[in-house]
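So the protein sequences, as listed, match chains R and U.
According to the working numbering, the first sequence is numbered sequentially starting from 1.
According to the working numbering, the second sequence is numbered sequentially starting from 1001.
Ideal Cβ placement from N, Cα and C applies to all residues, glycine included.
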Amino acid sequence: MKILVCISHVPDTTSKISFVSDGSSLDKNGVQFVINPYDEFGLTKGLHLREKHGGTVSVLTLGDESAEPTLRKALAIGADEAHRLNGVPHDGAQTSEEIAAFIKRNEFDVIICGQESIDYNGGVVPGALAAKLDLPFVNACISLDIDGNNVKTIREIDGGKETAKAKLPIVIAGKKGLVEEHDLRIPNMRGIMTARSKPLSVHELIESKTLAQSVSFSKPPEKKEVKMISPDNLEELVRLLNEESKVI
Amino acid sequence: MVIIYAETWENEFKKTTFEAISYGSKCAQEMGVESIAVVFGNSVNPIGELGKYGVNKVIHVQEIDEFEPYSIALALSDITKELNGKLLVLNGTANGKSLIGILSSLINAAAISNVTSFPINHKPLTVMRSAFSSKGIEQVSSNSDCTILSLVPNALGIISNGDSNPSVVLKKIDSNHKTSILQSEKESGEIPLPEAERVVSAGRGLKGPENWNIITDLAKVLNAGTACSKPVSDIGWRPHSEHVGQTGIQINPELYIAIGISGAIQHLAGVSRSKTIVVINNDPEAPFFKAADYGIVGDAFDVVPRLTETLKSFKK
């Protein structure tokens, strides 16, 4: 089974986010970058599938050289090989076009993405990729079982879940549930050593078009000072919720 | 033309659908074109009520009666292309999120998700969106002839002063699916978190799953959805589907009440768009108080049941 896990290189979840002074981009100063958490669930699922069905797990990212430590980490966690599409991701259309072109040259059975990246939160790439490859797609996927060519998936819907079946190859956009938090693997020393000798290849872009153009970034407005209320005066809280905030 | 996906659940329109129709119809007015809602399923009723939200016309596709993403996306893409749609509006619901990427490729259109503003410009179409898990706001412009927007639920409101009596046109499009749905389960009686107007949430401060009745009682009197912090879902006290935060569900309610949650930055990322935040915590140093509108330092097991009672007598 050939498994591809698409990875975004994103600021760590604990990062304080700020933007450069003209608002054109993220201020990367002092920001730690990690594997996008949704993709980490997907990577672990890929390793589980390899343990069960045999085959290889490849990881891929669209990014410049600064994304390579993230790919090396994925190799240290257990992926067999890594691919970097050499460029900068601009929007879902361009990113999915680049990844689709790579997949067409390399053929995979299972393509696992995270349901969104925690930086731009677009959530466009997985579905766009599936449509470009003309493959079935399951978003917010929390379970994936493969038996021969048959796939059974569960996706989260608003206030519930839905089971569906499809045939390989398939594209899924995963999240927690695909594997559990305690299944996630921390690279050990041996993993880190072997990751250095695993293949990491760099591919040039096909120069696809960007359709949604980022203009500028800003910070959300600051909250005003909190009003502390005595636990013995809950009537006051109810009054404020009613009269001041008008939410009840 | 502005095309709007009028999402339904169990043959009824969702509240977020009225938001999308209001949004799309207002945009259509600004652009000087018609707005057209697309409805799927054979027993949706009453379709005419969409006129209240300003829509000019409804296309009803009866043959496609279940949500299979490719099938719905292909139908929406065919309709958008046929009518030369310039704007396609979706809800940022689970189904909307399943569609946006597929549609972007099928129509070759810019896809902008998490939209939090009406267009600030139409040429090129420019909107604000939430990014970096609500830690940032991004201004984005479209470079393509047609643009797909998906809206943050609860963010843009409903405009219900329309009095149009939209014409309803049946259109036959056969289902063209790539996955087959075997079973749908909805957890009964629950308010889906992304569209909930009020949410009551608790963390490890509750000490164990057996204590959750004080949370559900408070939620009930407020007609609120229930949620939890990441640690609580990780240790299995509550289901994953209740986890709000950066890697869980991002919510946008009018009122968010956080009980026994310290307020880690990852939690705040998922809830900071809430209009009013109440924090109840026995630790006066809990960082969540800095992000709150109202704070109470106190023991949850004492404060929460009394708050429920106070709200009950207020409602009388």
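Query - Alpha-carbon to alpha-carbon, U/K1052 and U/I1191 - result: Straight-line Cα distance between these residues: approximately 24 Å.
Query raised in the report: Under three-state DSSP, which class holds R/H53?
Result: The three-state secondary structure of R/H53, taken from DSSP, is helix.
Query raised in the report: Distance, Cα to Cα, R/E204 vs R/F108?
Result: Taking the CA atoms as reference points, R/E204 sits about 20 Å from R/F108.
Query raised in the report: So R/D147 is in the beta strand (DSSP E); what residue range does that whole segment cover?
Result: Its beta strand (DSSP E) spans residues 137–147.
Query raised in the report: Going by the beta-carbon positions, is the gap between R/G127 and R/E116 smaller than 7 Å?
Result: R/E116 sits away from R/G127, with the two beta carbons spaced by 7 Å or more.
Query raised in the report: What separation, rounded to the nearest whole angstrom, lies between the Cα atoms of U/A1037 and R/V202?
Result: Across the structure, U/A1037 and R/V202 are spaced so that their CA atoms are roughly 45 Å apart.
Query - Residue nearest to R/S18 in terms of C-alpha spacing, selected from R/D12, R/P11, R/L26 - result: For the residues R/D12, R/P11, R/L26, the minimum Cα distance to R/S18 belongs to R/L26.
Report task. Throw me the rounded Cβ distance for the U/P1287 and U/S1274 pair, which I believe falls under 8 Å. Result -> With a Cβ gap of about 16 Å, U/P1287 and U/S1274 do not count as contacting.
Requested in this report: Report the residues of the segment 206–223 of chain R with a CB closer than 8 Å to any CB of chain U, ordered along the chain.
Outcome: Flagged, chain order: K209, T210, L211, A212, Q213, S214, V215, S216, F217, S218, K219, P220, K223.
**Report entry** Residue from R/C141, R/L240, R/E222, R/V215 whose Cα sits closest to the Cα of R/E180
**Finding:** Of the candidates R/C141, R/L240, R/E222, R/V215, the residue whose Cα lies closest to the Cα of R/E180 is R/C141.
Query raised in the report: Where does U/P1095 fall in DSSP's three states?
Result: Per the sequence shown, residue 1095 of chain U should be read as Asn rather than Pro. Helix, per DSSP.
Query raised in the report: Rounded to the nearest angstrom, how far is the Cβ of U/I1021 from that of U/G1054, given a contact under 8 Å?
Result: Right, the Cβ-Cβ distance comes to about 7 Å (below 8 Å), so this counts as a contact.
Query raised in the report: Fully enclosed by the segment 1201–1254 of chain U, which beta strand (DSSP E) runs are 3 residues long or longer?
Result: Whole beta strand (DSSP E) segments, 3+ residues: 1225–1228.
Report task. Could you tell me whether any Cβ in chain R is nearer than 7 Å to the Cβ of U/N1282? Result -> Not a single CB atom of chain R sits nearer than 7 Å to the CB of U/N1282.
Query raised in the report: Can you list, in chain order, the residues of its chain whose CB lies under 8 Å from that of U/V1244, leaving out five sequence neighbours each side?
Result: Excluding residues within five positions, the ones whose Cβ falls inside 8 Å are L1193, V1199, S1201, A1227, C1228, S1229, Q1250, I1251, H1267, G1270, V1271.
Query raised in the report: Does R/V247 come within less than 7 Å of chain U when only Cβ atoms are used?
Result: By this cut-off, R/V247 is an interface position.
Query raised in the report: Thinking just about the alpha-carbon of each residue, which of R/L43, R/R72, R/L211, R/D147 is nearest to the one in R/R190?
Result: Ranking the options by Cα distance to R/R190, first place goes to R/R72.
**Report entry** Identity of the residue in U/A1028, U/Y1256, U/N1154, U/S1130 nearest U/K1057 by Cα
**Finding:** The residue with the shortest Cα to Cα distance from U/K1057 is U/A1028.
Query raised in the report: Of all the CB atoms in chain U, is at least one closer than 7 Å to the CB of R/V179?
Result: No, R/V179 does not count as interfacial toward chain U.
**Report entry** Under the three-state DSSP convention, the category U/F1288 falls into
**Finding:** Helix, per DSSP.
**Report entry** Exposure of U/T1216, with buried meaning 16 or more beta-carbon neighbours within 10 Å
**Finding:** By the neighbour-count criterion, in which 16 or more other beta carbons inside 10 Å mark a residue as buried, U/T1216 falls on the exposed side.
Query - chain R contacts from the segment 1293–1305 of chain U (Cβ-Cβ distance under 9 Å) - result: Along the segment 1293–1305 of chain U, the positions whose C-beta sits under 9 Å from a C-beta of chain R are D1293, Y1294, G1295, I1296, V1297, G1298, D1299, D1302, V1303, read in chain order.
Query raised in the report: Which residues in the same chain have their Cβ closer than 8 Å to the Cβ of R/D91, if we skip the five residues on either side of it in sequence?
Result: Excluding residues within five positions, the ones whose Cβ falls inside 8 Å are G122, V124, T210, L211, A212, Q213, S214.
Query raised in the report: Taking only runs of the beta strand (DSSP E) that begin and end inside the segment 36–87 of chain R, which ones reach a length of at least 3 residues, in chain order?
Result: List check, beta strand (DSSP E) in window: 56–63, 81–86.
Query raised in the report: Taking all protein chains shown into account, do 16 or more other C-beta atoms lie within 10 angstroms of the C-beta of R/H182, making it buried, or fewer, making it exposed?
Result: Answer is exposed; the Cβ neighbour count stays below 16.
Query raised in the report: Residues in its own chain within less than 8 Å of R/K175 by CB, not counting five upstream and five downstream?
Result: Close CB contacts of R/K175 within its chain, under the 8 Å cut and outside five residues either way in sequence, are with Y38, F41, G114, Q115, A140, C141, I142, E156 (chain order).
**Report entry** Check whether R/L75 and R/K198 have beta carbons under 7 Å apart
**Finding:** The answer is yes: Cβ separation under 7 Å.
Query raised in the report: Can you tell which of U/T1080, U/S1164, U/L1090 has the C-alpha that lies nearest to the C-alpha of U/E1007?
Result: Checking every option, the nearest Cα to that of U/E1007 belongs to U/L1090.
Query - Any 3 or more C-beta pairs closer than 8 Å across the segment 1109–1119 of chain U and the segment 1–10 of chain R - result: Between the segment 1109–1119 of chain U and the segment 1–10 of chain R there are fewer than three inter-stretch CB-CB distances shorter than 8 Å, so the stretches are not counted as touching.
Query raised in the report: Is any beta-carbon of chain U found at less than 7 Å from that of R/G127?
Result: Closer than 7 Å to some Cβ of chain U, the Cβ of R/G127 qualifies, so yes.
Query raised in the report: Nearest-angstrom Cα distance between U/N1154 and U/N1213?
Result: Between U/N1154 and U/N1213, the C-alpha separation is close to 27 Å.
Report task. Please name the residues in the segment 1265–1278 of chain U whose beta-carbon is closer than 9 Å to at least one beta-carbon of chain R, in chain order. Result -> Hits within the stretch, in order: I1265, Q1266, A1269, S1272, R1273, K1275, T1276, I1277, V1278.
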